[in-house]
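Colleague: Counting from 1028, one number per residue, gives the positions in the sequence shown under the working numbering.
Every residue, glycine too, gets a C-beta built ideally from N, C-alpha and C.
First the structure, which I've put down as structure tokens, then a few questions once you've had a look.
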Amino acid sequence: MSVALVTGASSGIGAATAIAFAEAGWEVMAAGRNEGRLEEVADVSERIAIWSGELTESEECDELVADTIDEFGLIDCLVNSAGILLRGDAITTSDDEWRDTLTINLDVPFYLSRAAMPHLQKSRGSIVNVSSNWGLQAGANAVAYCASKGALIMLTKAMALDCAADGVRINAVCPGGVDTPMLAAGAELADKEPEEFLAEIAEFSPNGRIATPEEIAGLALFLASDAASHITGTAIPIDGGLSA
Ligand SMILES: NC(=O)c1ccc[n+]([C@@H]2O[C@H](COP(=O)([O-])OP(=O)(O)OC[C@H]3O[C@@H](n4cnc5c(N)ncnc54)[C@H](O)[C@@H]3O)[C@@H](O)[C@H]2O)c1
1028 MSVALVTGAS SGIGAATAIA FAEAGWEVMA AGRNEGRLEE VADVSERIAI WSGELTESEE
1088 CDELVADTID EFGLIDCLVN SAGILLRGDA ITTSDDEWRD TLTINLDVPF YLSRAAMPHL
1148 QKSRGSIVNV SSNWGLQAGA NAVAYCASKG ALIMLTKAMA LDCAADGVRI NAVCPGGVDT
1208 PMLAAGAELA DKEPEEFLAE IAEFSPNGRI ATPEEIAGLA LFLASDAASH ITGTAIPIDG
1268 GLSA
């Protein structure tokens, strides 16, 4: 039996990842904030258990890992997909916006990784952090988001070095635009019609389209699998060629 703990699993990439792992035969703890939506995700497969709650403090992260161990007895993969996008430059970003963004996009993956590490050492498992192409190259008017996603990539690499000898692999995926509620909310923040906004993002991409959440989930599943047994400390763009 292989067990994955997936955050942000009530929507978007996290939901698609929980389902992809379950369909590949993994047992999954799907963690999210919206219980109703989590139940819809769990309806897809009997292999999916749900954990509902806000993740901000290390205590909540410790509790989520402990509950996953109570449910399944082991963890083979942690997928950190929960995240938020707040727009603003260095002048307009408030203390609260900066703190909230860094908390969910960086602190929570760190707290969960730390709590899960003893279990990952036992299983010789892996972590997949959902960063962003904006963690590799900056985007306009998103200083806190870009800083958090860049730092998440460096956390990935630093932890990968420390954990390689124990057989624990840690990688980051760096999507460009993905068709999820976060991108829809981006249209609102940019004060644009959703269709117009999505078309603009698709146009930026060399392959002319936005990714599906399932495509990101597929990369996470590959990175968690034995087929990726020699891959650690990487930040892999999945962006239709944008970063090329
Ligand atoms: N959609 C994109 O274009 C895109 C591009 C690059 C990277 N990403 C990254 O992908 C990840 C998933 O985003 P998505 O696109 O699926 O959007 P999404 O909004 O559907 O998913 C984010 C999830 O994180 C959860 N979340 C946020 N704050 C939380 C908290 N404090 N505690 C618990 N859960 C919390 C939300 O409830 C939501 O379910 C994010 O880290 C995001 O930065 C998305």
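Could you tell me which residues DSSP puts in a beta bridge with V1155?
Modeller: DSSP, once it has assigned bridges, lists V1106, N1198 as partnering V1155.
Colleague: Is the stretch 1225-1242 in contact with the stretch 1172-1184, if contact means three or more CB pairs nearer than 8 angstroms?
Modeller: Contact between the stretch 1225-1242 and the stretch 1172-1184 is absent, because fewer than three Cβ pairs lie under 8 angstroms.
Colleague: Taking only heavy atoms of ligand 1 into account, decide whether any of them is closer than 8 angstroms to the Cβ of L1082.
Modeller: Answer for L1082: yes, Cβ within range of ligand 1.
Colleague: Tell me the rounded alpha-carbon separation between T988 and I1180.
Modeller: Lying before the first or after the last residue shown, residue 988 is absent from the chain, which here runs from 1028 to 1271.
Colleague: Along the alpha helix (DSSP H) that carries A1076, what are the first and last residues, could you check?
Modeller: No alpha helix (DSSP H) holds A1076; the beta strand (DSSP E) holding it covers 1075-1079.
Colleague: Indicate the three-state DSSP secondary structure (helix, strand or coil) for I1265 in the structure shown.
Modeller: Residue state, collapsed to three classes: strand.
Colleague: Quick one: does the C-beta of K1176 sit closer than 8 angstroms to a heavy atom of ligand 1?
Modeller: Yes, since a heavy atom of ligand 1 falls inside the 8 angstroms radius drawn around the Cβ of K1176.
Colleague: Secondary structure at M1181, three-state DSSP: helix, strand or coil?
Modeller: DSSP places M1181 in helix when its eight states are reduced to three.
Colleague: Check whether the stretch 1122-1132 and the stretch 1180-1195 are in contact - that is, three or more C-beta pairs closer than 8 angstroms.
Modeller: In short, these stretches do not touch, since the Cβ pair count stays below three.
Colleague: Do the CB positions of V1205 and C1104 come within less than 9 angstroms of each other?
Modeller: Taking 9 angstroms as the Cβ cut-off, V1205 and C1104 do not qualify as a contacting pair.
Colleague: Assign L1246 to one of two classes, buried (16 or more other C-beta atoms within 10 Å of its C-beta) or exposed (fewer than that).
Modeller: With 16 or more Cβ atoms within 10 Å of its Cβ, L1246 is classed as buried.
Colleague: For L1112, which residues of its own chain have a beta-carbon under 6 angstroms away from its beta-carbon, when the five flanking residues on both sides are left out?
Modeller: Y1172, M1209, listed in sequence order.
Colleague: With P1202 and S1159 assumed to form a contact (beta carbons below 8 angstroms), what rounded beta-carbon distance in angstroms separates them?
Modeller: Confirmed, Cβ separation roughly 6 angstroms.
Colleague: Once DSSP output is grouped into helix, strand and coil, what is the label at E1050?
Modeller: Correct three-state label for E1050: helix.
Colleague: When the Cα of Q1164 is compared with those of M1028, A1036, S1270, R1151, which residue comes out closest?
Modeller: Nearest of M1028, A1036, S1270, R1151 to Q1164, Cα basis: S1270.
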